[in-house]
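See below for the structure under consideration.
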Amino acid sequence: MLRILLGLLFVTLALAGPRIVVEDAWVRSVPPVSKTTAAFMRIRNEGDEPDRLIGVTTSIAERAEIHETVMDKGVMRMRRVESLTIPPGRTVVLKPMGKHIMIIGLKESVDQVGKVRIVLIFEKSGRIVVETPVRPLER
Ligand SMILES: [Cu+2]
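If you read the sequence shown in the working numbering, its first letter stands for residue 19, the second for the next number, and so on.
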């Protein structure tokens, strides 16, 4: 009986907390002269506690920022946000004209490299590395 209880306790502890899954990540194809691009993806939290995306890095560029798109007096603008909360049981979608990862100061052409390695840093889940394909914006 005690063994079963301990087993249940272990399972409960293992399930507690956020569980982040990143899907369909991609980087926008840009001309070689372009020094910026953006990455998009779906971030799902299958756990039972919220987590926050607090940083992003990629070796292909000088820096990466979390951006959101807002309407300001009828004009679409991007602005930097410090973090992105992923509530439990929810999916946050990063997409063109919405939230995205801005990749700034490209050192190489993403189209030539073909795949971009992006490190997502979460407050609780730590680092999650995604290898993203490069593809043009669909229109
Ligand atoms: Cu941006």
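Note that CB positions come from ideal geometry on N, CA and C, so glycine has one too.
Around K113, the same chain offers F58 as residues with beta carbons nearer than 8 Å, after the five sequence neighbours per side are excluded.
Within the same chain, Cβ atoms closer than 6 Å to the Cβ of L124 are found at K53 and A79, the five residues on either side in sequence being excluded. Annotated three-state conformation of R21 is helix, per DSSP. For D129, the enclosing alpha helix (DSSP H) covers residues V128 to V131. Per DSSP, the continuous beta strand (DSSP E) segment holding L124 begins and ends at H118 to L124.
Comparing C-alpha distances from I121 to each of G35, R21, I38 and R46 shows the shortest one belongs to R46. Counting along the chain, L112 sits inside the beta strand (DSSP E) bounded by residues T109 to L112. Less than 8 Å divides the Cβ of H85 from the Cβ of R98. Between M115 and T87, the beta carbon gap of about 6 Å places them in contact (Cβ cut-off 8 Å). Across the set N63, V48, P68 and V110, the C-alpha of V48 shows the shortest separation from the C-alpha of P154.
Relative to T55, the option among R145, V147 and I136 whose CA is nearest is I136.
Remark: the C-beta of A56 is in contact range of ligand 1, defined as less than 7 Å to any heavy atom.
Ligand 1 never approaches M89 closely enough for any of its heavy atoms to be under 7 Å from the residue's Cβ.
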